[in-house]
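Here is the structure we will look at, set down as structure tokens.
Protein chains: 2
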Amino acid sequence: MSELRKDPITGRWVIIATERGKRPSDFRVPQEESDASECPFCQGHEDKTPPEIIAQREAGSEPNQPGWQVRGVPSSNPLFVIEGDLNRTGVGLYDMMEGIGAHELIIESPNHVREISELSVDEIASVFEIYRRRMESLRQDQRFKYMLLFKNHGEQSGGVIEHSHANLIALPIVPKTVKKELEGAVAYYGYKSRCVFCDIIHHELTLNERVVVENDFYIALTPFASRFPFEVCILPKEHVSRFIYTDGKHVKSLAFIIKDVLRRLNASLDNPAYNYLIHTLPVNSVAQEEFHWHLEIFPRLTQMAGFEWGTGFFINPTTPEAAADFLRQAE
Amino acid sequence: MSELRKDPITGRWVIIATERGKRPSDFRVPQEESDASECPFCQGHEDKTPPEIIAQREAGSEPNQPGWQVRGVPSSNPLFVIEGDLNRTGVGLYDMMEGIGAHELIIESPNHVREISELSVDEIASVFEIYRRRMESLRQDQRFKYMLLFKNHGEQSGGVIEHSHANLIALPIVPKTVKKELEGAVAYYGYKSRCVFCDIIHHELTLNERVVVENDFYIALTPFASRFPFEVCILPKEHVSRFIYTDGKHVKSLAFIIKDVLRRLNASLDNPAYNYLIHTLPVNSVAQEEFHWHLEIFPRLTQMAGFEWGTGFFINPTTPEAAADFLRQAE
Numbered sequence: 005m006s007e008l009r010k011d012p013i014t015g016r017w018v019i020i021a022t023e024r025g026k027r028p029s030d031f032r033v034p035q036e037e038s039d040a041s042e043c044p045f046c047q048g049h050e051d052k053t054p055p056e057i058i059a060q061r062e063a064g065s066e067p068n069q070p071g072w073q074v075r076g077v078p079s080s081n082p083l084f085v086i087e088g089d090l091n092r093t094g095v096g097l098y099d100m101m102e103g104i105g106a107h108e109l110i111i112e113s114p115n116h117v118r119e120i121s122e123l124s125v126d127e128i129a130s131v132f133e134i135y136r137r138r139m140e141s142l143r144q145d146q147r148f149k150y151m152l153l154f155k156n157h158g159e160q161s162g163g164v165i166e167h168s169h170a171n172l173i174a175l176p177i178v179p180k181t182v183k184k185e186l187e188g189a190v191a192y193y194g195y196k197s198r199c200v201f202c203d204i205i206h207h208e209l210t211l212n213e214r215v216v217v218e219n220d221f222y223i224a225l226t227p228f229a230s231r232f233p234f235e236v237c238i239l240p241k242e243h244v245s246r247f248i249y250t251d252g253k254h255v256k257s258l259a260f261i262i263k264d265v266l267r268r269l270n271a272s273l274d275n276p277a278y279n280y281l282i283h284t285l286p287v288n289s290v291a292q293e294e295f296h297w298h299l300e301i302f303p304r305l306t307q308m309a310g311f312e313w314g315t316g317f318f319i320n321p322t323t324p325e326a327a328a329d330f331l332r333q334a335e
Numbered sequence: 005m006s007e008l009r010k011d012p013i014t015g016r017w018v019i020i021a022t023e024r025g026k027r028p029s030d031f032r033v034p035q036e037e038s039d040a041s042e043c044p045f046c047q048g049h050e051d052k053t054p055p056e057i058i059a060q061r062e063a064g065s066e067p068n069q070p071g072w073q074v075r076g077v078p079s080s081n082p083l084f085v086i087e088g089d090l091n092r093t094g095v096g097l098y099d100m101m102e103g104i105g106a107h108e109l110i111i112e113s114p115n116h117v118r119e120i121s122e123l124s125v126d127e128i129a130s131v132f133e134i135y136r137r138r139m140e141s142l143r144q145d146q147r148f149k150y151m152l153l154f155k156n157h158g159e160q161s162g163g164v165i166e167h168s169h170a171n172l173i174a175l176p177i178v179p180k181t182v183k184k185e186l187e188g189a190v191a192y193y194g195y196k197s198r199c200v201f202c203d204i205i206h207h208e209l210t211l212n213e214r215v216v217v218e219n220d221f222y223i224a225l226t227p228f229a230s231r232f233p234f235e236v237c238i239l240p241k242e243h244v245s246r247f248i249y250t251d252g253k254h255v256k257s258l259a260f261i262i263k264d265v266l267r268r269l270n271a272s273l274d275n276p277a278y279n280y281l282i283h284t285l286p287v288n289s290v291a292q293e294e295f296h297w298h299l300e301i302f303p304r305l306t307q308m309a310g311f312e313w314g315t316g317f318f319i320n321p322t323t324p325e326a327a328a329d330f331l332r333q334a335e
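Going line by line, the protein sequences match chains D and U. Sequential numbering from 5 applies to the first sequence in the numbering used here. Sequential numbering from 5 applies to the second sequence in the numbering used here.
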């Protein structure tokens with residue numbers, strides 16, 4: 005089980021994943037190329053993962069057998085385990101708790117596809133529908149305060165298995181980045197009585213300097229204070245606080261814009277490693293008017309250096325305006 | 005000039021280094037191997053850097069000529085420039101200011117040495133003495149609230165030039181990581197009337213689970229809530245709030261422990277990329293009793309993945325106890 009340890013000076017929590025227990029020699033070995041014939045996520049290898057929790061399957065096919073399009077399974081190397089209590093305890097001068105939560109994987113194709121944008125719009129829509137259904141299911145568990153959906157694509161992103169998949173983690177606390185965003189959005193609403201994300205969308209559509217692409221329901225833009233070069237944020241144009249409110253009509257439009265943005269990034273940046281993640285309203289929050297769900301995509305092009313670690317500031321060597329311009333022209 | 009832009013939701017400042025102006029193709033090119041004969045930091049190439057600000061030199065040698073051991077120069081590609089005003093301005097919905105500050109490089113050897121631990125203890129002591137003298141000088145400028153000394157060693161650390169050197173940046177604001185540490189230390193002192201760093205040193209020496217090495221004046225330990233595998237913190241054993249108070253007697257002891265720790269990291273982890281940085285009391289702070297300067301070293305072994313970006317939590321796959329044990333046994 006992983007331990008959550010609190011830094012006694014800053015109050016920052018760190019997850020010590022003791023079960024991963026890496027020794028020095030583990031860091032010396034380059035990551036192995038995964039062999040598709042051995043891939044635990046490919047169709048026909050369903051016995052290489054824990055039993056499935058959810059799947060989109062052909063009528064009549066059996067669980068944990070071929071016949072699926074999208075499949076959700078528990079992680080076999082979870083960061084958090086679902087059983088037990090937080091057990092907040094003091095250890096001498098220090099504070100810790102146990103890593104209670106859920107850690108699931110969504111396998112996005114039965115074939116050995118390396119990247120979600122290789123799938124059709126309908127297939128991507130099915131993937132996002134499975135994300136939604138699992139998030140809706142996990143929020144029934146009263147212990148969980150937040151569900152984080154994220155993807156690590158490529159070695160520089162922290163990805164390990166190349167077969168296209170996403171991680172879904174349910175947490176007993178609201179993570180501090182989401183908390184900070186929510187606090188900022190609530191403060192803005194208190195001052196202006198308007199959603200800050202809606203105001204940004206309106207402002208960006210008027211300026212048209214940082215808009216990458218838009219469709220009926222979604223907009224993709226490079227944020228004014230982008231932390232990373234070619235960072236892209238996708239938001240619903242109308243105010244929607246939670247990702248799980250995305251219905252069948254909208255999910256296809258979302259799939260379309262995600263595929264479009266990823267293809268532009270791949271064309272401009274020669275198939276970069278990237279992360280994407282969904283920020284949505286925490287389970288217990290009532291800030292429906294204030295918060296606006298969004299998906300953040302950031303290609304992993306730069307290294308955090310001593311300056312970033314020492315200050316907490318990010319350095320971005322490409323202006324968001326230039327990045328938007330390159331992405332608009334890509335195809 | 006770089007721009008500081010504020011995220012309208014989280015309030016996070018980002019430095020958009022417009023002069024670095026990276027285009028997509030700049031990210032595709034692998035970093036070039038530096039050719040020692042072309043190295044701008046080697047002795048004999050003094051004309052390839054801006055004129056020196058400081059140097060430790062042989063008696064009778066001329067500035068910007070050979071004969072130096074350690075040399076400080078302005079960065080030719082600075083993150084901040086020293087002239088001008090902050091010019092805080094609003095741009096539509098957004099806020100920004102200009103990047104005023106200083107950015108200097110300390111070149112740590114006249115020879116093409118790749119890593120500071122290859123130098124002798126006396127040579128390392130001279131390097132730290134030059135760090136100290138430049139920090140003392142920059143704090144005379146009333147505009148600067150904080151001086152950050154950091155090193156990027158190796159490509160994974162964000163390092164670009166391989167010749168051993170450090171960066172020194174003077175900032176018009178106290179960076180948020182230091183502010184957070186300072187707030188935590190002040191809160192602890194308010195509650196206990198003791199320095200939290202002194203308490204940690206005492207506790208760790210008693211437990212002896214996370215101590216890597218110690219000498220008369222300094223201790224090196226792996227923090228209880230280490231963010232990174234094999235993260236090491238070096239602190240003066242006696243309470244000292246500012247790095248610039250390090251006198252001649254102590255600097256040699258500091259050089260000795262830094263060389264020792266880096267050699268242990270190199271032996272255990274096969275010469276990893278790493279960053280180190282100094283956290284010291286901000287210029288205008290009166291919290292002399294509360295804050296305790298320290299040097300943080302973190303080898304760059306892991307990638308930040310979607311989970312870390314989405315939550316702000318770090319995941320560390322090696323316990324600090326195991327890391328300390330490996331480092332104690334290394335030689």
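For every residue, glycine included, the Cβ atom is placed at its ideal position computed from N, Cα and C. Remember, predicted model here, so these are calculated numbers, not experimental data.
Alpha-carbon spacing of residue i relative to residue j, whole angstroms
i	j	result
Glu127/U	Glu112/U	8 Å
Leu152/U	Ile19/U	16 Å
Glu218/U	Glu42/D	48 Å
Ile173/U	Phe84/U	8 Å
Phe302/D	Pro12/U	19 Å
Pro227/D	Leu331/D	13 Å
Leu209/U	Val215/U	7 Å
Gly96/U	Leu299/U	41 Å
Met100/U	Ala229/D	9 Å
Leu8/U	Phe148/U	16 Å
Among the options, nearest to residue i - alpha-carbon criterion
i	options	result
Arg267/D	Ile120/D, Gln69/D, Pro67/D, Ser65/D	Ile120/D
Ala63/U	Asp30/U, Gln73/U, Ile57/U	Gln73/U
Pro55/D	Gly48/D, Tyr193/D, Gly76/D	Gly76/D
Gly105/U	Tyr280/U, Met308/U, Ile223/U, Leu90/U	Leu90/U
Glu355/D	Ala309/D, Asp145/D, Tyr98/D, Ile110/D	This structure cannot speak to residue 355/D, because chain D is shown only from 5 to 335.
Gln69/U	Pro321/U, Gly48/U, Val255/U	Gly48/U
Trp313/U	Val290/D, Val182/D, Phe45/D	Val182/D
Arg258/D	Pro240/D, Pro321/D, Glu159/D	Here the sequence assigns Leu to residue 258/D, which means Arg is not the residue at that position. Here the closest residue by C-alpha is Pro240/D.
Tyr280/D	Asn156/D, Cys46/D, Gly71/D, Ser272/D	Asn156/D
Phe247/D	Lys253/D, Tyr222/D, His283/D	His283/D
Neighbour flag for residue i against chain U, beta carbons, 8 Å
i	result
His116/D	no
Lys184/D	yes
Lys26/D	yes
Leu142/D	no
Trp313/D	yes
Thr322/D	yes
Phe317/D	yes
Val131/D	no
Asp203/D	yes
Asp329/D	no
Met139/D	no
Val18/D	yes
Rounded distance between the beta-carbons of residue j and residue i, thought under 8 Å
i	j	result
Arg143/D	Ile58/D	Wrong, their Cβ atoms sit about 14 Å apart, outside the cutoff.
Ser6/D	Gly103/D	4 Å
Gly310/D	Asn171/U	7 Å
Pro365/D	Lys26/U	Lying before the first or after the last residue shown, residue 365/D is absent from chain D, which here runs from 5 to 335.
Which residues DSSP lists as bridging residue i, in chain order
i	result
Phe318/U	Val18/D
Lys10/D	Trp17/D, Asp99/D
Ile111/U	Arg75/U, His169/U
Lys253/U	Lys253/U is not bridged to any residue.
Asn279/D	Asn156/D, Phe302/D
Thr181/D	In the DSSP output, where bridge partners are listed per residue, Thr181/D has none listed.
CB contact below 8 Å: residue i versus chain D
i	result
Ala291/U	no
Gly76/U	no
Tyr98/U	yes
Pro233/U	yes
Asn2/U	Summary: the structure shown does not reach residue 2/U, with chain U confined to residues 5 through 335, and so no result is reported for it.
Ser272/U	yes
Met101/U	no
Val85/U	no
Pro179/U	yes
Asp11/U	yes
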